[in-house]
Amino acid sequence: MKKCNLFYLSGLLFFLVAALNLVTGENHSTAVVWLCLGSSYLCLGYSQQKK
33 MKKCNLFYLS
43 GLLFFLVAAL
53 NLVTGENHST
63 AVVWLCLGSS
73 YLCLGYSQQK
83 K
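Just add 32 to wherever you are in the sequence shown, counting from 1, and you've got our numbering.
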């Protein structure tokens, strides 16, 4: 499995956790942190794909 695919997979998992935290959780600041982490992993996957 390529490295960029792992970055994409982990980024999507971070987004899933953030969406679940926004819907069911009380602490929305944690969901924002998860969204930022998911975005950074998607950017890392894109940068690895370009190489």
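Glycine included, C-beta positions come from ideal geometry on N, C-alpha and C.
As the structure is a computational prediction, the values presented were derived from the model and not from experiment.
Check: Going by beta carbon distance, what residues of the same chain come within less than 8 angstroms of W66, once the five residues before and after it are set aside?
Finding: Residue numbering aside, residue 66 sits at position 34 when the sequence shown is read from its first letter. These residues qualify, in order along the chain: F46, F47, V49, A50 and N53.
Item checked: Length of the line joining the Cα atoms of L74 and V64 -> Your numbering for residue 74 matches position 42 in the sequence shown. Your numbering for residue 64 matches position 32 in the sequence shown. When rounded, the distance between both Cα atoms is 15 angstroms.
Note to self: For Y40 and G77, what's the separation of their Cα atoms in angstroms?
What the structure shows: Translated into positions along the sequence shown, residue 40 becomes position 8. Translated into positions along the sequence shown, residue 77 becomes position 45. Their backbone Cα atoms lie some 6 angstroms apart in a straight line.
Notebook entry, point to check: Roughly how many angstroms lie between the CA atoms of G70 and G43, to the nearest whole one?
Noted result: As a working mapping, residue 70 is identified with position 38 in the sequence shown. As a working mapping, residue 43 is identified with position 11 in the sequence shown. For G70 and G43, the distance between alpha carbons rounds to 4 angstroms.
Notebook entry, point to check: Quick one: complete alpha helix (DSSP H) runs, 4+ long, within the segment 43-70?
Noted result: Counting whole runs of 4 or more residues, the segment 43-70 contains no alpha helix (DSSP H) stretch at all.
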